[in-house]
Amino acid sequence: MEDSGFPLSPTVAFATNRMATEFAIPSQVESAATKMSEFVQFHSSAGRRVVLVTSGGTKVPLESKTVRFLDNFSSGRRGACSAEYFLASGYAVIFLHRHRSLYPFVRKYAGVNLLDALQTTSEEGSVTVRVEVDQKALPNIIHVLHCYQAVKKDRLLLSVEFNTLSEYLHLLKAAAQTLSPLGSKAMFYLAAAVSDFYIPASEMPEHKIQSSNGPLQITMKMVPKMLSPLVKEWAPQAFVISFKLETDPSIVVDRARKALDTYRHQVVVANVLDTRRGCVVIVTKESQTELVLSDEEILKEVEIEEKIVCNLSAAHSNFIEEQRIMTEQ
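Read left to right, the sequence shown gives residues 3 to 331 (the numbering used here).
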């Protein structure tokens, strides 16, 4: 990204300096950045909006030659599910996700033993073997397969994987700088469960920590908040959504508003651990909108992510129009 000519704020400078000095750039970042750039250019030429969906949890190693690590567990369900609805809404999607977390379309059959859902048949004397699918084991598989094939044909979904916190942070930065030229047509949907603590590479033991040394005591540092440089430096014109998960429903909206005040982005999706599958609050600077699944919708297996994406797509359209009017004044 080109230098704007203005000094970075202390918060942004602190975060970017920590990232540069304490998180080594992983080997796959350069090739991933190239793929993302080609993807964005392809869809930009078609005038299509592009959303970066982050999904899954990050891993923090405790040793340089990693045997032990701390993990932020997340199945990646919300991110994978939301990516499908963004695709259905006309977006191209960069899906930045944890390796082996849930994936769009495939996530519908998580836990299914594929071999149990397939049968082979052949006619006597024929060398041709026919594979048949048990549609009870894979419900709606024909519709899901058609949707996936259409997305693949139009190159609408780009998968980028991470494992560690360092990989996630550098890939997020690369994605943001790639999307920045799209201006207001770029969206960030930051649903990944990012670690809050880490051990700097300079303070990490090289080899496996030995249990024979006795009880383990670890001192960890706070992970710098990358929302500030994303909003203020990497992609300052983009439409940015973060998530706030709490266990106490009485504080979740206040915490969401505090995040908006701190980072100056557009939306926080606030949710409570026990009810997150059926209720969220979309919080902006001007409003808060509760999205709830009705009993009828639950019976019909409607997903809350469908409502979230519908709301945010409309908000993004309004944001794009507002930015257009501002640039013309």
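Ideal Cβ placement from N, Cα and C applies to all residues, glycine included.
Note that this is a predicted model, so its numbers are computed, not measured.
(request) Sort L167, L173, E86 and V233 by Cα distance to V269 and report the nearest one. (result) It is V233.
(request) List the DSSP bridge partners of G59. (result) A195
(message) Quick check: what's the CA-CA separation for V53 versus Y191?
(response) 7 Å
(message) Could you tell me which whole beta strand (DSSP E) segments of length 3 or greater appear in the stretch 130-190?
(response) 132-135 and 159-164
(request) With a threshold of 16 other CB atoms inside 10 Å of the CB of E235, please say whether the residue is buried or exposed. (result) buried
(request) Run the CB neighbour count on M328, radius 10 Å, all protein chains shown included, and call it buried at 16 or more, exposed below. (result) exposed
(request) Could you spell out the range, first to last residue, of the alpha helix (DSSP H) harbouring F107? (result) F107 -> no alpha helix (DSSP H), and no H or E assigned at all.
(request) Please say whether V196 and I96 have beta carbons closer to each other than 9 Å? (result) no
(message) Looking at the secondary structure, which residues open and close the beta strand (DSSP E) in which E248 lies?
(response) F241 to E248
(message) Does M224 come out as helix, strand or coil in the three-state DSSP assignment?
(response) strand
(message) I'd like to confirm the pairing. Which residues does DSSP put opposite Y200 in its beta bridges?
(response) Bridge pairing for Y200: K223 [DSSP].
(request) Helix, strand or coil for A54, going by three-state DSSP, please let me know. (result) The identity of residue 54 in the sequence shown is Leu, whereas the question assumes Ala. Three-state result, L54: strand.
(message) In this structure, how does DSSP classify T18 when only helix, strand and coil are distinguished?
(response) helix
(request) Go ahead and pull the three-state DSSP assignment for H99. (result) strand
(message) Would the stretch 86-93 count as touching the stretch 218-231 if we require 3 or more Cβ pairs under 8 Å?
(response) no
(request) Using a threshold of 9 Å, state whether the C-beta atoms of A17 and S315 are closer than that. (result) no
(request) Let me know if S337 comes out buried or exposed under the rule of 16 or more other beta-carbons within 10 Å of its beta-carbon. (result) The structure shown does not extend to residue 337, since the chain is modelled only from 3 through 331, so no value can be given for it.
(request) Can you tell me which of L72, R100 and E134 puts its alpha carbon nearest to the alpha carbon of R79? (result) R100
(request) Return the residue from the list D198, I284 and A48 that minimises the CA-CA distance to N74. (result) D198
(request) Can you check DSSP and say which residues form a bridge with T122? (result) V133
(message) Looking at the ligand ATP, does it come within less than 8 Å of V269, judged from the CB to the closest heavy atom?
(response) Of the ligands one can find in the structure shown there are none, so the ligand ATP has no counterpart to examine.
(request) Have a look at Q290, A82, V255 and Y265 and flag the residue whose alpha-carbon is nearest the alpha-carbon of V274. (result) V255
(request) Taking 8 Å as the threshold, find out whether the stretch 15-31 comes into contact with the stretch 127-138 through three or more Cβ pairs. (result) no
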